[in-house]
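Data block below; observations after.
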Amino acid sequence: DGGITQSPKYLFRKEGQNVTLSCEQNLNHDAMYWYRQDPGQGLRLIYYSQIVNDFQKGDIAEGYSVSREKKESFPLTVTSAQKNPTAFYLCASSAGGMGYEQYFGPGTRLTVT
Amino acid sequence: ILNVEQSPQSLHVQEGDSTNFTCSFPSSNFYALHWYRWETAKSPEALFVMTLNGDEKKKGRISATLNTKEGYSYLYIKGSQPEDSATYLCAFIGNQFYFGTGTSLTVIP
């Protein structure tokens, strides 16, 4: 089945550790996105990538890093510099740029203690 | 950071009722507006992508309108069914994506 997978579903880490969230898509989409959701807030864009080897910061990129070495994969690293890393993280992809509908993965809930 | 506001925050309707929600966004730097439906324990799914002022789109019992000059979009659900229960998100696309906090709809059988 075509779609977007994120793993793991739940992730627990100790404060001060970096952690990488996986996002893979087999939809042959060019663009991929990472969002974060906190209680009472809308989805906020962390990073997006329109093509391989290129990515742009969203409004809340501080403390995060990404790579886009393959079309299918867009991993997100939550670094120890991220002050409030506990959140629900959603990955998405779209066939083209900003005007195209996005297809979302199931999300990863990260808890840092 | 740009504000995209959705109202109401939540509502409960009886099965068979029609309902509508609002998404308000800045009227400048508009590129597109997306509507998504997010059911509990599932991923958000796209309903509509709207780009032109005056756009009206329909999918079954759900329709949406767009006014880019005044900065709002309405989502309508005709004859609500329990399976329509979900959170409905709008996203304003200008230089980046900005999502509203959603309208949570519960349809009571």
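So the protein lines, in turn, are chains A and B.
If you use this note's numbering, the first sequence corresponds to residues 1 to 113, in order.
If you use this note's numbering, the second sequence corresponds to residues 1 to 109, in order.
The C-beta atom is built at its ideal place from N, Cα and C for all residues, glycine as well.
What would DSSP say about Asp-55 (chain B), mapped onto helix, strand or coil?
As a position in the second sequence, residue 55 (chain B) is number 55, starting the count at 1. DSSP places Asp-55 (chain B) in coil when its eight states are reduced to three.
Short Cβ contact (8 Å threshold) for Gly-58 (chain A) with Val-4 (chain B):
Mapped onto the first sequence, residue 58 (chain A) falls at position 58. Mapped onto the second sequence, residue 4 (chain B) falls at position 4. In this structure, Val-4 (chain B) does not lie closer than 8 Å to Gly-58 (chain A) by Cβ.
From the DSSP secondary-structure annotation, give me the bridge partner or partners of Gln-56 (chain A).
Here residue 56 (chain A) is taken as the residue at index 56 of the first sequence, counted from 1. DSSP, once it has assigned bridges, lists A:Tyr-48 as partnering Gln-56 (chain A).
Quick one, are the C-beta atoms of Ser-65 (chain A) and Thr-86 (chain A) less than 8 Å apart?
Here residue 65 (chain A) refers to the residue found at position 65 when the first sequence is read from its first residue. Here residue 86 (chain A) refers to the residue found at position 86 when the first sequence is read from its first residue. Not closer than 8 Å, so no.
Counting only Cβ-Cβ distances shorter than 8 Å, please list the residues of the region 95-109 of chain A near chain B, keeping chain order.
Met-98, Gly-99, Tyr-100, Glu-101, Gln-102, Tyr-103, Phe-104, Gly-105, Pro-106, Gly-107
Please tell me whether Ser-18 (chain B) and Ser-80 (chain B) are closer than 8 Å, where the distance is taken between their beta carbons.
Taking the first residue of the second sequence as 1, we reach residue 18 (chain B) at position 18. Taking the first residue of the second sequence as 1, we reach residue 80 (chain B) at position 80. Contact: yes.
Start and end residues, beta strand (DSSP E) containing Met-32 (chain A):
Taking the first residue of the first sequence as 1, we reach residue 32 (chain A) at position 32. Note, Met-32 (chain A): beta strand (DSSP E), 31-37.
Among the residues of its own chain, which have a CB less than 8 Å from the CB of Tyr-100 (chain A), if the five just before and after it don't count?
As a first step, residue 100 (chain A) is located in the first sequence; it is residue number 100 there, counting from the start. Counting only Cβ-Cβ distances below 8 Å, and skipping sequence neighbours, we find Ala-31, Ser-94.
Within chain B, partners of Gln-41 (chain A) - CB distance below 8 Å:
Translated into the one-based positions of the first sequence, residue 41 (chain A) becomes position 41. Per Cβ cutoff of 8 Å: Thr-101.
What separation, rounded to the nearest whole angstrom, lies between the Cα atoms of Val-19 (chain A) and Lys-69 (chain B)?
As a working note, residue 19 (chain A) is residue 19 in the first sequence. As a working note, residue 69 (chain B) is residue 69 in the second sequence. Between Val-19 (chain A) and Lys-69 (chain B), the C-alpha separation is close to 43 Å.
Could you tell me which residues DSSP puts in a beta bridge with Glu-5 (chain B)?
Stepping through the second sequence from its first residue, residue 5 (chain B) is reached at position 5. Bridge partners of Glu-5 (chain B): B:Ser-24.
Given Arg-68 (chain A), which residues of its chain have a CB within under 8 Å of its CB, disregarding the five upstream and five downstream residues?
Start at 1 with the first residue of the first sequence, and residue 68 (chain A) comes out as number 68. Excluding residues within five positions, the ones whose Cβ falls inside 8 Å are Met-32, Ser-49, Ile-51, Val-52, Asn-53, Asp-54, Phe-55, Phe-74.
Pick out whichever of A:Lys-83, A:Gln-102, A:Gly-96 has its Cα sitting closest to the Cα of Thr-113 (chain A).
Counted from its first residue, the first sequence places residue 113 (chain A) at position 113. Nearest option by C-alpha distance: A:Lys-83.
For Asn-20 (chain B), which residues in the same chain have their Cβ closer than 6 Å to its Cβ, ignoring the five residues on either side in sequence?
Locating residue 20 (chain B) in the second sequence gives position 20, counting from the first residue. Excluding positions up to five away in sequence, the list reads Tyr-74, Tyr-76.
Can you find the residues in the same chain that come closer than 7 Å, C-beta to C-beta, to Ser-22 (chain A), ignoring five residues on each side of it along the sequence?
Translated into the one-based positions of the first sequence, residue 22 (chain A) becomes position 22. Gln-6, Ser-7, Pro-75.
Gln-25 (chain A) to Gln-14 (chain B) span [Cα, whole Å]:
Here residue 25 (chain A) refers to the residue found at position 25 when the first sequence is read from its first residue. Here residue 14 (chain B) refers to the residue found at position 14 when the second sequence is read from its first residue. Between Gln-25 (chain A) and Gln-14 (chain B), the C-alpha separation is close to 38 Å.
Helix, strand or coil: which one does DSSP assign to Glu-101 (chain A)?
Here residue 101 (chain A) refers to the residue found at position 101 of the first sequence. In the structure shown, Glu-101 (chain A) sits in coil (DSSP, three-state: anything other than H, G, I, E or B).
For Arg-109 (chain A), which residues does DSSP report across the bridge?
Residue numbering aside, residue 109 (chain A) sits at position 109 when the first sequence is read from its first letter. Paired residue(s): A:Tyr-10, A:Phe-88.
Residue of B:Thr-40, B:Thr-51, B:Trp-35 minimising C-alpha distance to Cys-90 (chain B)
Within the second sequence, the letter at position 90 stands for residue 90 (chain B). Nearest of B:Thr-40, B:Thr-51, B:Trp-35 to Cys-90 (chain B), Cα basis: B:Trp-35.
Of the residues that make up the region 38-66 of chain B, which ones have a beta carbon closer than 7 Å to any beta carbon in chain A?
Ser-43, Pro-44, Ala-46, Val-49, Thr-51
Are the C-beta of Ala-86 (chain B) and some C-beta of chain A separated by less than 8 Å?
For this step, residue 86 (chain B) is matched to residue 86 along the second sequence. No - not a single Cβ of chain A is within 8 Å of the one on Ala-86 (chain B).
Thinking C-alpha only, which one of A:Glu-72, A:Lys-70, A:Tyr-47 is nearest Ala-61 (chain A)?
Mapped onto the first sequence, residue 61 (chain A) falls at position 61. Ranking A:Glu-72, A:Lys-70, A:Tyr-47 by Cα distance to Ala-61 (chain A) puts A:Tyr-47 first.
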